[in-house]
Every structure is written in structure tokens, then in C-alpha cells.
Amino acid sequence: MNPKYRTVRYWYDKWRSVNLGSRFGEGILEDCHTKFDTSEASIQKFLGRLQKVTTRNAWDSFLCTAGSSIPLRRCRTAIRVQPTTIARRRPGITRGSKRMPSGRPAQNENRTRVMKRKRNLQLNVESNQANAKSHGSGL
Numbered sequence: 001m002n003p004k005y006r007t008v009r010y011w012y013d014k015w016r017s018v019n020l021g022s023r024f025g026e027g028i029l030e031d032c033h034t035k036f037d038t039s040e041a042s043i044q045k046f047l048g049r050l051q052k053v054t055t056r057n058a059w060d061s062f063l064c065t066a067g068s069s070i071p072l073r074r075c076r077t078a079i080r081v082q083p084t085t086i087a088r089r090r091p092g093i094t095r096g097s098k099r100m101p102s103g104r105p106a107q108n109e110n111r112t113r114v115m116k117r118k119r120n121l122q123l124n125v126e127s128n129q130a131n132a133k134s135h136g137s138g139l
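Letter 123 of the sequence shown, counting from 1, is numbered 123 in full-length UniProt numbering, and no numbers are missing.
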């Protein structure tokens, strides 16, 4: 017998013995395998990843990220961007990457936006202010 197949078979049998317990449900792996007709390569890949788990933290991480690629609500909820792009955003914009809500904006959003100073030289000289700049915060 192939040693690689033997280790995969060992982990599969171990998973089945854990999986068949009444505490966590009856045969979850078996039900999903028959319901979705999973290929042998997918199961071997899953069991290979399961075999690499050696510590408790790795096991917790494995359980938490097992279905992370399955969308829970809908697709296109967030577009991932690089952290430096988020850091460069101006202060009025949120730091997240979720979808923008459609429709008319809420009333409190209009008050938080800072208005730029007008480019009126005479008005700025009379009020003893610096003339407005085209870029930056306008101070």
C-alpha cells in the first residue's frame, strides 16, 4: 500500500470517528460527501491540510478558516484594497472597504464634511485669512 495513501486513510478514519459523534451531528462529512459528490482529490487535499495541524492554535485556526471562502451573505460585499491605500484616504472617508450604501445619504454625513475656503482674494484679505489653496486642507 502506498505510504501517502495510508496516512491519508488514517486521517480520514480519524476524522470519521470524530465526525460520527452525536455531540456534533451525525456524519456531517459523510452527508456532505454524498450530497455534493465530492471528488477524491478534494478530500485528499482537505485531509492533507488536516494532517499538518500539530498544535492547539493551529487546530483553532483550521476550524475558524475552514469555510472562509464561502460567502455568508452575498458576493461583492467588500472590495479588498491595500492598507496603504486606506491610510491615504482623507479624514472624511471611512477606513473600511464595504459597499457604499445606495440612495440618498443620511443627514449626519453632510455635517461632518469640511467645506473648503472660497477663492475670493478680497474677502480673504478683509477677514485676515490666507487665500484658499487648490490642494490640501485649505489652511
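The C-beta atom is built at its ideal place from N, Cα and C for all residues, glycine as well.
Residue 35 to residue 52 span [Cα, whole Å]: 27 Å
For residue 41, three-class secondary structure by DSSP: helix
C-alpha distance - residue 50 paired with residue 93, whole-angstrom precision: 42 Å
Opening and closing residue of the alpha helix (DSSP H) in which residue 58 lies: 56-64
C-alpha distance - residue 64 paired with residue 55, whole-angstrom precision: 14 Å
Rounded C-alpha distance that separates residue 13 from residue 87: 49 Å
Euclidean distance between Cα positions of residue 38 and residue 90: 48 Å
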